[in-house]
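Enquirer: Please find one structure pasted underneath; my questions will follow.
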Amino acid sequence: AYMSKDQVEKRIREVRKSMEKAAKELDFMQAAKFRDEIDLLQKQLGGQDR
432 AYMSKDQVEK RIREVRKSME KAAKELDFMQ AAKFRDEIDL LQKQLGGQDR
């Protein structure tokens, strides 16, 4: 589904929070999944965040 730039950035923030929470709980498998999702979202932005 198409997401606007603002929606993608909001989702990145949400996923980053989830990733940090998973890492604190030592759930590194889940944290890695969130990291991969963030990478995909940033690619959707066309690398504008880098």
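To convert, take the position in the sequence shown, counting from 1, and add 431; that gives this note's numbering.
We treat Cβ as the ideally placed atom computed from N, Cα and C, and that holds for glycine.
1) Check this for me: beta carbons of Arg-475 and Val-446, under 8 Å apart or not?
2) Please work out which residues of its chain come closer than 7 Å, Cβ to Cβ, to Asp-480, disregarding the five sequence neighbours upstream and downstream, and give them in chain order.
3) When you compare only the Cα positions, how much space is there between Met-450 and Lys-441?
4) With 16 other CB atoms within 10 Å as the buried threshold, where does Ser-435 fall?
Expert: Reading it off the structure:
1) One point to set straight first is that residue 475 is Gln, not Arg, in the sequence displayed. No, the pair does not count as a contact, with Cβ atoms beyond the cut-off.
2) In this prediction, Asp-480 scores a pLDDT of 42, lower than 50, which makes its location untrustworthy; the coordinate-derived value is nonetheless stated afterwards. Closer than 7 Å at Cβ, skipping near neighbours: Gln-473.
3) 14 Å
4) exposed
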